[in-house]
Amino acid sequence: MRNKLIKKMGMVLLVATLSLSGCGSSDKMKDGFYTAEMSEYSHGWKEYICILVKADKIVYVEFNAKDPSGYIKAWDNAYMTEMKSVTGTYPNEYTRYYAAQLIDGQGSEEIDALSGASHSHSNFLRLSAAAIEQAKKGDDATAIVTSETE
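Note that this note's numbering has the sequence shown beginning at 41, numbered continuously upward.
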């Protein structure tokens with residue numbers, strides 16, 4: 041009788057362990073490239089993010105904005121000069137800064153905003169969250185994030 045009880049308890053424990061071992065595994069990111077972009081252009085630019093995931097880690101991030109022709113905001117030297125003189129930062133600086141923090145924090149919400157790039161910071165947080173959700177699902181379709189009205 042005691043032997044049967046021990047066997048039953050062992051089976052219950054084994055089943056519970058196996059069923060619980062799957063918990064949380066759906067939160068793992070699948071390998072691949074994942075993209076999210078804003079739904080609308082703001083001041084002629086549409087921000088986007090592309091992340092590369094390998095072994096459940098974000099290993100590369102591109103955060104930038106493009107105009108309707110596909111021209112990248114960080115390449116616009118005239119815009120850079122004007123923005124830096126007004127705000128103290130510019131797209132090629134803050135996009136890399138935010139991307140590096142995402143890689144370091146692996147998706148944590150604790151990404152510091154740079155003064156002069158707070159609107160982009162807000163979009164970056166929303167875009168990165170959407171791309172990470174795509175990575176968890178293994179869905180390589182571009183996620184569209186609803187733009188906020190300014």
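All residues carry an ideal CB built from backbone N, CA and C; glycine is no exception.
Helix, strand or coil: how does DSSP classify residue 123 here? helix
Closest by C-alpha distance to residue 95, when choosing among 133, 151, 68 and 144: 68
Rounded to the nearest angstrom, what separates residue 58 and residue 165 at their Cα positions? Note on residue 58: pLDDT 42, under 50, position unreliable in the model; no value is reported.
In angstroms with no decimal places, state the Cα-to-Cα distance between residue 174 and residue 180. 7 Å
Would you kindly work out how many angstroms separate the C-alpha atoms of residue 115 and residue 104, rounded to a whole number? 10 Å
Look at the alpha carbon of residue 178 and the alpha carbon of residue 130, and state the distance between them as a whole number of angstroms. 33 Å
Quick check on DSSP: helix, strand or coil for residue 181? coil
Do residue 142 and residue 101 have their beta-carbon atoms positioned less than 7 Å apart in this structure? yes
Do residue 139 and the ligand MN come close, with the Cβ less than 6 Å from some heavy atom? The model on display carries no ligand, and the ligand MN is accordingly not part of it.
Where does residue 113 land, buried or exposed, given buried means 16+ other C-beta within 10 angstroms? buried
Round the Cβ separation of residue 184 and residue 79 to the nearest angstrom and send it over; I've been treating them as touching at under 8 Å. 5 Å
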